[in-house]
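Participant: First, the structure itself, so that you have it in front of you.
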Amino acid sequence: VIFKGSLMDEPQFGHRGMLIDTARYFLPLDVLEKLIDSMAMVKMNVFHWHITDDQSFPFVSTTCPKLSKKGAYHQLKCTYNEDDVEKLLDYARQRGIRVIPEFDTPAHTLS
């Protein structure tokens with residue numbers, strides 16, 4: 195005997211987020227995209243991206259390029275440029291995830 199039923203799947207909270215700290219541990223863009231895919235599968239909707247801090251400054255700024263030149267773990271391998279950030283924002287948006295990029299400046303810039 196199979197009984198007819200219904201299922202209501204609705205999140206309890208509006209903000210269902212995760213914080214990723216790439217200032218202390220650099221993650222390539224493809225890994226961040228996989229994390230966003232995983233977030234979408236479990237209905238998370240906010241990705242707090244902690245990009246810069248004392249430990250490293252991996253964001254290549256067009257207005258202040260010395261910050262990443264002197265502050266990134268590795269100038270060529272461990273940085274994000276403006277296109278990378280835009281690409282990730284668009285990737286997340288297509289999956290219903292809002293990205294909150296965090297740049298700790300002018301404080302937290304010993305890197």
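Using our numbering, the first residue of the sequence shown is number 195, and each one after it goes up by one.
Using N, Cα and C, we set each Cβ at its ideal position, and we do this for glycine too.
Because the structure is a prediction, the values reported are computed rather than measured.
#1: So the beta strand (DSSP E) residue 296 belongs to, where does it begin and stop?
#2: For residue 304, is the classification buried or exposed, using 16 other Cβ atoms within 10 angstroms of its Cβ as the cut-off for buried?
#3: Check whether the segment 265-281 and the segment 199-214 touch, using three or more Cβ-Cβ pairs below 8 Å as the test.
#4: Give me the Cβ distance between residue 243 and residue 205, rounded to the nearest whole Å; I'm assuming they're in contact under 8 Å.
#5: Excluding the five sequence neighbours on either side, which residues of its own chain have a C-beta within less than 7 Å of the C-beta of residue 209, listed in chain order?
#6: Our contact map puts residue 223 next to residue 281 with C-beta atoms below 8 Å; I'd like the distance itself, whole angstroms only.
#7: Do you know offhand how far residue 279's Cα is from residue 199's?
#8: Look at the alpha carbon of residue 226 and the alpha carbon of residue 202, and state the distance between them as a whole number of angstroms.
#9: Looking at the unbroken beta strand (DSSP E) that takes in residue 240, where does it start and where does it end?
#10: Any idea which residues DSSP pairs residue 214 with across the strands?
Facilitator: Looking at the coordinates:
#1: 292-297
#2: exposed
#3: Short answer: they don't touch.
#4: Going by Cβ atoms, the distance from residue 243 to residue 205 rounds to 21 Å, so no, they are not a contact pair.
#5: Only 240 meet the Cβ criterion.
#6: Between residue 281 and residue 223 the Cβ distance is about 7 Å, and since that is below 8 Å, they are a contact.
#7: In a straight line, the C-alpha of residue 279 is about 44 Å away from that of residue 199.
#8: 30 Å
#9: 240-246
#10: 243, per the DSSP bridge assignment.
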